[in-house]
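When the sequence shown is numbered by this note's numbering, its final residue is 157 and no position is left out of the sequence of numbers.
Structure record follows, encoded as structure tokens.
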Amino acid sequence: MLLIPVVHFIIFWFGVNFNSLRLAFTSIDLTTGATSFSLDHFRTLVNLFQTGEVRSALVNTLLTWVLYMLLVPWALFLSYFLYKRIPLGGMWKTLLFLPSIIPAIAMTSIFKYLIEPDGPVGILIHALTGETVNNLLAFNNTGKWTVLAYIFWTN
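Structure, rendered in structure tokens:
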């Protein structure tokens, strides 16, 4: 019963940490692919501390962390706010979800413009084949491929 978790722990904890330690003391020659023992990574880290780059990175990281910690109570408050039934609750839900809705509307509008007969895709198809393009979503032979292109484009 414990075999699977123990094997998982050995592979994904001991294996990863052992490999990380091995790589920390390894230098790889990019031209030949040969590996050798080296302390170059640690020299680079000391140089980064001396130039102040690590300090700058730590300050940026701490600022980001502080901002997220300040936003956690706000997120919990908004979650509770959306859960409870309050006056004008529907309006607040709409206002809070608009930032996630608007990009989808914009992407759909742009794609609709692209596939119109006088849009860029229609002009390109007319230039390549000489045929006038009708609505690409209206016909079985082009509708499926247009929807698949939209899915590919948005993902």
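Where is the CB? At the ideal position from N, CA and C, for every residue including glycine.
Query: Starting from F39, trace the beta strand (DSSP E) both ways and give me its first and last residue.; Result: T37 to F39
Query: With a Cβ-Cβ cutoff of 8 angstroms, do M109 and T156 count as a contact?; Result: yes
Query: Among residues of its own chain, excluding the 5 on either side of F83, which ones have a beta-carbon nearer than 6 angstroms to its beta-carbon?; Result: none
Query: Using DSSP's beta-bridge definition, name the partner residues of T28.; Result: F39
Query: Which residues in the same chain have their Cβ closer than 8 angstroms to the Cβ of D42, if we skip the five residues on either side of it in sequence?; Result: S29
Query: Could you pull the start and end residues of the alpha helix (DSSP H) that I12 belongs to?; Result: Looking at the DSSP string, I12 is not in any alpha helix (DSSP H), and its letter there is neither H nor E.
Query: Where I107 and L60 are concerned, what is the direct C-alpha to C-alpha distance, given to the nearest angstrom?; Result: 38 angstroms
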